[in-house]
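Residue numbers (the numbering used here), protein chains in the order written: chain A, 1203 to 1372; chain B, 1203 to 1372.
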């Protein structure tokens, strides 16, 4: 981890008014009942959505201080420096906060062809769901057939993650 | 609402195995303890992140059937056909599901210059947070100064929303 600055480990600004939160200059993020804020992560160059995750206060502080994405892993219940295991570090090119400051958008650069998905694809979002007139003959939602948008995996997850448990939960 | 098809109001596929969920062709979305799934909404043309919201089962079904984004409003606790009040309907150009099927990505076209934010900006994410070497002289997280990326609002929220209550919660 490369600490580029040495901010004191304190809190973000207090949320005082709608005007302050929506039209002010203070970073006053809202964490949910579990202490988490959702994070949208896109590839800086292509704009593609790479992943959706969560940060707790500590993860957001570390991300801001280091310029590398840190998340909170809900399955492992730990602070998660993305890339610590896989090498797929996400370098922050831009970090944005939304109007009511309850969501973070990070635009990142990733080594290894931008791969970010634990299944081995570039994006976690490698499948499309047909909608409206493209639903075809499906008569039930359970009959909808997903369409693969990436034909090949970018890397072999077994080689990268070894025997680490799969984070997907049913 | 334009129903383009007439799918029976049933459930999505049952989640049976990690392989089915991650590498199969069935749509088997995971809704959280509150019955919600997070939704990332980007502009189809620019790739810009417009908003982050949530769908419940009904909202996801309506979105798939109609090709127009439906959300579940957590503040108002109702199904929310985006644009019903503001006219800023989001036409789905592509809908994707992620690896473990607990997040939806919609790529949309919006009328009125792509405006999507209730504050009046094009994107909800109109402010950047400086990170790492760009933190400057900030010594506390509460001193971080946000940077506005949109200089002007796209529309006047008072004209579009009238006296509807502001959805932002402190």
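Built from N, CA and C at the ideal position, the CB exists for glycine as well.
Predicted model, so just to flag it, every value in this text is computed and none were measured.
Residue(s) in a DSSP beta bridge with residue i
i, result
"residue 1330 of chain B", "A:1298, B:1349"
"residue 1281 of chain A", "A:1274"
"residue 1228 of chain B", "A:1347"
Residues that residue i contacts on chain B, provided the C-beta gap is smaller than 9 Å
i, result
"residue 1269 of chain A", "1333, 1334, 1335, 1336"
Element boundaries [beta strand (DSSP E), containing residue i]
i, result
"residue 1244 of chain B", "1239-1245"
"residue 1256 of chain A", "1251-1257"
"residue 1223 of chain B", "From DSSP, residue 1223 of chain B is part of no beta strand (DSSP E) but of the alpha helix (DSSP H) over 1220-1225."
"residue 1310 of chain A", "1306-1312"
CB contact check: residue i to chain A, cutoff 8 Å
i, result
"residue 1203 of chain B", "Here the model assigns residue 1203 of chain B a pLDDT of 43, short of 50, so the residue's position is not dependable, and the following value carries that caveat. Chain A, which has no Cβ nearer than 8 Å to the Cβ of residue 1203 of chain B, makes this no."
"residue 1249 of chain B", "yes"
"residue 1265 of chain B", "yes"
"residue 1297 of chain B", "yes"
"residue 1224 of chain B", "yes"
"residue 1246 of chain B", "no"
"residue 1278 of chain B", "no"
"residue 1233 of chain B", "no"
Under 7 Å by beta carbon: chain B residues contacting residue i
i, result
"residue 1254 of chain A", "1240, 1242, 1300, 1305"
Chain B within 8 Å of residue i, Cβ atoms only
i, result
"residue 1206 of chain A", "Note on residue 1206 of chain A: pLDDT 45, under 50, position unreliable in the model; the coordinate value appears next. Judged by the 8 Å Cβ criterion, residue 1206 of chain A is in contact with chain B."
"residue 1330 of chain A", "yes"
"residue 1344 of chain A", "yes"
"residue 1213 of chain A", "yes"
"residue 1372 of chain A", "yes"
"residue 1324 of chain A", "no"
Contacts that residue i makes with chain A (C-beta to C-beta distance below 7 Å)
i, result
"residue 1227 of chain B", "1347, 1348"
Chain A residues whose Cβ lies nearer than 8 Å to that of residue i
i, result
"residue 1258 of chain B", "What residue 1258 of chain B touches in chain A: nothing, since even the nearest Cβ is about 14 Å away."
"residue 1320 of chain B", "1301"
Within chain A, the residues that residue i reaches when beta carbons sit closer than 9 Å
i, result
"residue 1357 of chain B", "Within 9 Å Cβ-Cβ: nothing; residue 1357 of chain B doesn't reach chain A, min ~14 Å."
Enclosing alpha helix (DSSP H) for residue i [first to last residue]
i, result
"residue 1360 of chain B", "1359-1363"
Inter-stretch contact (C-beta, 8 Å, three-pair minimum) for the region 1293-1310 of chain B and the region 1283-1295 of chain A: Contact between the region 1293-1310 of chain B and the region 1283-1295 of chain A is absent: fewer than 3 CB-CB pairs across the two stretches fall below 8 Å.
Stretch pair the region 1216-1231 of chain B + the region 1335-1349 of chain A: three plus CB contacts closer than 8 Å: yes
Cβ contact (3+ pairs, closer than 8 Å) linking the region 1354-1372 of chain A and the region 1272-1279 of chain A: yes
Given 8 Å, three or more beta-carbon pairs between the region 1240-1253 of chain A and the region 1236-1256 of chain B: Yes, since at least three Cβ pairs between the region 1240-1253 of chain A and the region 1236-1256 of chain B fall closer than 8 Å, the two stretches touch.
The region 1352-1367 of chain A in contact with the region 1319-1330 of chain A per 3-pair CB rule at 8 Å: Judged by Cβ distances under 8 Å, the region 1352-1367 of chain A makes contact with the region 1319-1330 of chain A, as three or more pairs qualify.
Three-pair Cβ contact test at 8 Å for the region 1325-1333 of chain A versus the region 1256-1269 of chain B: Taking 8 Å as the limit for Cβ pairs, the verdict is that the region 1256-1269 of chain B does touch the region 1325-1333 of chain A.
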